[in-house]
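Here's the structure, in structure tokens; my notes come after.
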Amino acid sequence: MKRWSTKDLTVVREPTDGRPGEGVMRFSDRYSVFDFGVLPDEVPGKGAASCAMAVRSFELFEAAGVRTHFLEQVADDAIRIRLLDVDTDGTKGRTGPGRTIPLQVIYRLALPKESSVHRRARAGTLDHATVPAYADAGAPWLSRPMVEFTTKYEETDRFISRAEAERVGAVDAADIAAVAELAERVAGVVDRHCAEVGLTLVDGKAEFGYDADREPILIDHAGTPDENRFYLGGVPVCKELLRYLHPGLREVVQRLVADGVPRAQWPAQPPLPAESVAATAEVYARLAEVWTGGDLDRLHEAVRRFQAAAGSDLDDRTGL
């Protein structure tokens, strides 16, 4: 079994000679924020909630003509997938058939106050040419989706230009353009479903790979609260809640990385209060109900309980 910060993978059949294999991906109750790695608490039911949302999202993507690695759900917290080969250190040459593209693709429909775009603009590291104009309705909504690329297998994820994405992804400019276009389609599918169920999509992340014919397919688990910023009435209902419960951790990680401190020597983080973990678990559970056809009332109540446990109305997290 291969274990990542929030998921476990059991290999059923290895990918070989450009042909995908098969695996079972389990969504765990673990969580990670700010690239710190696994944090002490588990959020009960988070894995099952994320799996339910992923399965529904894969159905929506396939119906919209976006091909994916999803095959079937095999447990309340696990799915069977087409398994692609992975090149974590860039030694396998051009990314060809049956391989993952070693990049993460970020799509943004809006730039709320907590968006990294603002931090990078202040730091002078943002290419302003990549930022679309605001929509007629004004900030924070964009006139069209903003698509960016980050690294995937470095110590922490790093935003990169499209030219560097070609090098890191071992692909060419046409491949990058195709993946960017596909990410916009993914964003459109998620956004439309949000509108149908009473939520708002702000931004999200997608990952892609190639099938045996080197046609791009969506992999990982787009359309879940760990990969997207979902809002309900201007309040986040996604992993942003867990980020809120770890104030200052982003800066801690940035300092550790800048100082070259080995990850094994990073300081342990204290567990969260039990009531905060329970409140987060309820938001995840109720969000999954809404995503798969339930009503919003119980999600509204779960948000109120989280706000009470956190001691904040969370208005400072949105800017919507």
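Per full-length UniProt numbering, the very first residue in the sequence shown carries number 1; after that it's consecutive.
Cβ coordinates follow ideal geometry from the N, Cα and C atoms, glycine included.
(Q) Could you tell me the alpha carbon to alpha carbon distance between Ala135 and Arg263, rounded to whole angstroms? (A) Walking along the sequence shown from the start, residue 135 turns up at place 135. Walking along the sequence shown from the start, residue 263 turns up at place 263. Distance between the alpha carbons of Ala135 and Arg263: 41 Å.
Q: Give the straight-line distance between the Cα atoms of Ser276 and Gly65, rounded to the nearest whole angstrom.
A: One-based indexing of the sequence shown puts residue 276 at position 276. One-based indexing of the sequence shown puts residue 65 at position 65. Looking at the two C-alpha atoms, the distance is approximately 39 Å.
Q: State yes or no: is the C-beta of Leu287 within less than 9 Å of the C-beta of Ala54?
A: Position 287 of the sequence shown, counted from the start, is the residue given in the question as residue 287. Position 54 of the sequence shown, counted from the start, is the residue given in the question as residue 54. No, the Cβ-Cβ distance between Leu287 and Ala54 is not below 9 Å.
Q: With 9 Å as the threshold, decide whether the Cβ of Gly23 is near any Cβ in chain C.
A: Going by chain labels, chain C is absent from the structure shown, which holds only one protein chain.
Q: Throw me the rounded Cβ distance for the Glu184 and Pro145 pair, which I believe falls under 8 Å.
A: As a working mapping, residue 184 is identified with position 184 in the sequence shown. As a working mapping, residue 145 is identified with position 145 in the sequence shown. Right, their Cβ atoms sit about 5 Å apart.
(Q) Mapping the DSSP letters down to three states, classify Arg305 as helix, strand or coil. (A) As a first step, residue 305 is located in the sequence shown; it is residue number 305 there, counting from the start. Helix.
Q: Indicate the three-state DSSP secondary structure (helix, strand or coil) for Phe61 in the structure shown.
A: Along the sequence shown, read from residue 1 onward, the residue named residue 61 stands at position 61. Helix at Phe61.
Q.
Please list the terminal residues of the continuous beta strand (DSSP E) segment that includes Gln104.
A. Your numbering for residue 104 matches position 104 in the sequence shown. That run of the beta strand (DSSP E) goes Leu103 to Ala110.
Q: Look up Ile81 in the DSSP assignment and give the residues it is bridged to.
A: Counted from its first residue, the sequence shown places residue 81 at position 81. Paired residue(s): Gly23 and Phe70.
Q) How long is the line joining the alpha carbons of Arg192 and Gly260, rounded to whole angstroms? A) As a working mapping, residue 192 is identified with position 192 in the sequence shown. As a working mapping, residue 260 is identified with position 260 in the sequence shown. The alpha-carbon atoms of Arg192 and Gly260 are separated by roughly 43 Å.
Q: Could you give the DSSP three-state label for Ser276: helix, strand or coil?
A: Taking the sequence shown and counting its residues from 1, one reaches residue 276 at position 276. Here Ser276 sits in helix by DSSP.
**Q.** Nearest to Glu239 (by Cα), restricted to the options Val253, Thr224 and Arg250
**A.** Start at 1 with the first residue of the sequence shown, and residue 239 comes out as number 239. A quick correction: the sequence has Lys, not Glu, at residue 239. Out of Val253, Thr224 and Arg250, Thr224 has the C-alpha closest to the C-alpha of Lys239.
Q.
Here's the rule: buried if 16 or more other CB atoms are within 10 angstroms of the residue's CB, otherwise exposed. What is Thr200?
A. Indexing the sequence shown from 1 puts residue 200 at position 200. Thr200 is buried by the Cβ-count criterion.
Q. Between Glu282 and Arg255, which are expected to be in contact by the criterion C-beta below 8 Å, what is the C-beta distance as a whole number of angstroms?
A. Position 282 of the sequence shown, counted from the first residue, corresponds to residue 282. Position 255 of the sequence shown, counted from the first residue, corresponds to residue 255. The Cβ separation is near 33 Å, so there is no contact.
Q: Would you kindly report the start and end of the unbroken alpha helix (DSSP H) that includes Glu240?
A: Residue numbering aside, residue 240 sits at position 240 when the sequence shown is read from its first letter. First-last of the alpha helix (DSSP H) with Glu240: Glu240 to Tyr244.
Q) In this structure, what does DSSP give as the bridge partners for Lys46? A) Within the sequence shown, the letter at position 46 stands for residue 46. None; Lys46 has no bridge partner.
Q: Kindly confirm or deny that the segment 166-177 and the segment 111-119 touch, where touching means at least three C-beta pairs closer than 8 Å.
A: no
**Q.** Bounding residues of the beta strand (DSSP E) (the contiguous stretch that carries Gly204)
**A.** One-based indexing of the sequence shown puts residue 204 at position 204. Where Gly204 is concerned, the enclosing beta strand (DSSP E) stretches over Thr200 to Tyr210.
Q: Determine contact between the segment 93-103 and the segment 41-48, defined as no fewer than three beta-carbon pairs at a distance below 8 Å.
A: no
Q | Nonlocal neighbours in the same chain, by C-beta distance under 6 Å from Arg13, ignoring five residues either side | A | Walking along the sequence shown from the start, residue 13 turns up at place 13. Cβ neighbours of Arg13 beyond the five flanking positions: Gly21 and Glu22.
Q: Since I believe Leu249 is in contact with Phe61 (beta carbons under 8 Å), could you give me their beta-carbon distance rounded to a whole number of angstroms?
A: Position 61 of the sequence shown holds residue 61. Position 249 of the sequence shown holds residue 249. About 32 Å separates the two Cβ atoms, so there is no contact after all.
Q | Extent of the continuous alpha helix (DSSP H) run through Arg229 | A | Counting from 1 along the sequence shown, the entry for residue 229 is found at position 229. Here Arg229 belongs to no alpha helix (DSSP H); instead the beta strand (DSSP E) covers Asn228 to Leu232.
Q.
One question on the structure: do Arg108 and Asp211 come within less than 9 Å of each other, judged by their Cβ atoms?
A. For this step, residue 108 is matched to residue 108 along the sequence shown. For this step, residue 211 is matched to residue 211 along the sequence shown. No, these two residues do not count as a Cβ contact at 9 Å.
Q: Reducing DSSP to helix, strand and coil, say where Glu289 ends up.
A: Stepping through the sequence shown from its first residue, residue 289 is reached at position 289. In this structure, Glu289 counts as helix in the three-state DSSP scheme.
(Q) For Val235, which residues in the same chain have their Cβ closer than 6 Å to its Cβ, ignoring the five residues on either side in sequence? (A) In the sequence shown, residue 235 corresponds to position 235, counting from 1. Cβ within range, chain order: Val303 and Leu314.
**Q.** Residues bridged to Ile160 (per DSSP)
**A.** Within the sequence shown, the letter at position 160 stands for residue 160. Its beta-bridge partners are Phe149.
Q. Could you give the distance in angstroms between the alpha-carbon of residue 335 and the alpha-carbon of Glu155?
A. No statement about residue 335 is possible, as the shown extent of the chain runs from 1 to 320 and does not include it.
Q. Using the C-alpha atoms, what's the distance from Ile79 back to Val24?
A. Along the sequence shown, one-based indexing puts residue 24 at 24. Along the sequence shown, one-based indexing puts residue 79 at 79. Their Cα atoms are separated by approximately 6 Å.
Q. Tell me, which residues are paired with Tyr134 by DSSP?
A. In the sequence shown, counting from the first residue as 1, residue 134 sits at position 134. DSSP, once it has assigned bridges, lists Leu142 as partnering Tyr134.
Q. Counting along the chain, where does the alpha helix (DSSP H) carrying Val11 start and finish?
A. Mapped onto the sequence shown, residue 11 falls at position 11. Note, Val11: premise wrong, no alpha helix (DSSP H); beta strand (DSSP E) at Lys7 to Arg13.
Q. Of the residues Gly209, Glu166, Leu126 and Arg3, which one's Cα is nearest the Cα of Leu83?
A. If you number the sequence shown from 1, residue 83 lands on position 83. When only C-alpha atoms are compared, the closest one is Gly209.
Q) In three-state DSSP terms, what is Arg30? A) Position 30 of the sequence shown, counted from the start, is the residue given in the question as residue 30. If DSSP states are grouped into helix, strand and coil, Arg30 belongs with coil.
Q: Note down the Cα distance separating Gly37 from Glu215, rounded to an integer number of angstroms.
A: Taking the sequence shown and counting its residues from 1, the one referred to as residue 37 is at position 37. Taking the sequence shown and counting its residues from 1, the one referred to as residue 215 is at position 215. C-alpha separation (whole angstroms): 32 Å.
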